[in-house]
Amino acid sequence: MALLLDQPPLTDPLRGRTVGRKFQAVVLMLLPMALVGGFSLRLFQLQIIQGERNQQLADSNRVRLVPKRPARGTITDRNGKILAGSRLSHSVSIWPIALPRDQWPQVIDRLARVLK
């Protein structure tokens, strides 16, 4: 029991770690600041430096190519009369979300001229 009394208490401030305390606070402040700074630089690069390129990529992403199935053969009866066949067809679709509503009349007029 006498050995326990000879030891200093665990909460003694002089027994704690004192070397590197200020350095630890600086590191804990610089680490989040560096992280936020890195994110800010990346945001600046994407928005300001590469903004026009990204806008062009987004605009070109509106055109969607839809693969067309290959033409199939014809089905004929025993006399050679075509019962079912393949023929070329065209379709036009408008993706309303691609343009603002005020530009729709221009698109409709342009499509009307092409489809005549």
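Residue numbering for the sequence shown follows the numbering used here, starting at 960 and increasing by one per position.
Backbone N, C-alpha and C fix where the C-beta goes; we use that ideal spot for every residue, glycine too.
Alpha-carbon spacing of residue i relative to residue j, whole angstroms
i, j, result
"Ser1052", "Lys1040", "34 Å"
"Gln983", "Arg1021", "51 Å"
"Thr1035", "Leu1058", "46 Å"
"Leu1016", "Gln1006", "13 Å"
"Leu1047", "Ala1071", "21 Å"
"Gln1062", "Leu1000", "36 Å"
When the options are compared against residue i, the one with the closest alpha-carbon
i, options, result
"Pro1026", "Leu990, His1049, Ala984", "His1049"
"Leu1024", "Leu1042, Gln1015, Pro991, Trp1054", "Trp1054"
"Arg1028", "Ser1045, Leu1000, Ala1071", "Ser1045"
Other residues of its chain near residue i: CB distance less than 6 Å, five sequence neighbours each side excluded
i, result
"Ala1043", "Ile1034"
To test your reading of the DSSP string, which unbroken alpha helix (DSSP H) runs of 4 or more residues are found completely within the region 1003-1031?
1010-1019
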